[in-house]
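Take a look at the structure set out below.
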Amino acid sequence: VLLYGSESVGKTTMAKMLAEEYGAEWVPEMARTVLSDTPLPSLSQIEQIAALQAQTESRHTHHPPAPLLFVDTDLTTTHTYSTHYLSATPEWVTQLASLHHYHLTLFLCATVPWVADPLRDLHGPMREIMEAKFKANIETGFLHTDKVVYITAEDYCERFAQAKRAVDELLET
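Residue numbers 325 to 497, in my numbering, belong to the letters of the sequence shown in order.
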């Protein structure tokens, strides 16, 4: 299950909560490992983030401890931010992103307040622009997923309930 969307929509919190709810593992966002105090990556940092994300996700999917794995961001996210900040993405990152497939994508819409932290800078009008870029990844098929559920609630508890309903439905199929 991929948690997807622009910055400050609650992906990390949601991934942790869902993993706890279902007794599953979750893959954290690797950008936070590489970018310690600035949201502006270099091309070499983009490559580091992508490599770590791919390795960590692969390790979990090849030896899953549970039937579910929650992924907090993915390689299409890395691609999207690389294109935004650097107007470029290493070709191998783009190719690897196109190979990943998710059974369910929870698109967390930007309906909750933006929260500042050292790795976030895309608030105000930029938040809507970035959300549109993430939606375009889905609409164009760049993000490979069987199903997308848009989490639209403005209340965090209701967002969790929406996500849980989607995961329960996935498990029933």
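Even for Gly, the Cβ is constructed at its ideal location relative to N, Cα and C.
Between the alpha carbons of L359 and C481 lies a distance of about 30 Å.
Contact check for I373 against T402 passes: the beta carbons are separated by less than 8 Å. The three-state secondary structure of D396, taken from DSSP, is strand.
In summary, S330 is buried, with 16 or more beta-carbon neighbours lying within 10 Å of its beta-carbon over all protein chains present.
CA-to-CA, the gap between A490 and V473 works out to about 7 Å. Excluding the 5 residues flanking it on each side, P437 has no same chain C-beta neighbour closer than 7 Å. Between the segment 337 to 356 and the segment 410 to 426, the count of Cβ pairs shorter than 8 Å is below three; the stretches do not touch. Around the C-beta of A456, fewer than 16 other C-beta atoms lie within 10 Å, and the residue is accordingly described as exposed.
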